[in-house]
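*Asks:*
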Amino acid sequence: MLAMYLIDLEGTSSEREKRIKEYSETLKKACEKAKCKFIGQYGAANDKYHYMILIEGETMADLTKPYMSTKRPEWLWHIEWKFYG
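So the sequence shown is numbered by my numbering: it starts at 36 and just counts up by one.
#1: For the pair the region 43-54 and the region 88-99, tell me if three or more CB-CB distances fall below 8 angstroms.
#2: What are the start and end residues of the beta strand (DSSP E) that includes GLU115?
#3: Suppose the cutoff is 6 angstroms on Cβ atoms and the five residues either side in sequence are ignored; what does the same chain contact list for GLU115 look like?
#4: Run the CB neighbour count on MET95, radius 10 Å, all protein chains shown included, and call it buried at 16 or more, exposed below.
#5: How would you label HIS85, buried or exposed, when you count the other beta carbons within 10 angstroms and need 16 or more for buried?
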């Protein structure tokens, strides 16, 4: 099962680029603990979200654990999950 984390960040494009790299590293470590596979961080292909992170796991609950086990940064405005079986 796959989860897309669609992310909208505060800041200029250079600030967002730095922040998404830091947040991706945080989620990558959380994925290892949650036994999920961090596939990668990409630029989103729409106007609403700045970035997309793709994670693979067994269940929907597993796919939300990386986010739930980390502290939400104040500059993370929106996050939306899309699940694919």
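We put the CB at the ideal spot given by N, CA and C, even for glycine.
*Replies:* Reading off the structure:
#1: The region 43-54 is not in contact with the region 88-99.
#2: Run containing GLU115: 111-119, per the beta strand (DSSP E) assignment.
#3: Cβ neighbours of GLU115 beyond the five flanking positions: LEU41.
#4: Counting the other CB atoms within 10 Å of its CB gives MET95 a total below 16, which places it among the exposed residues.
#5: HIS85 should be labelled buried.
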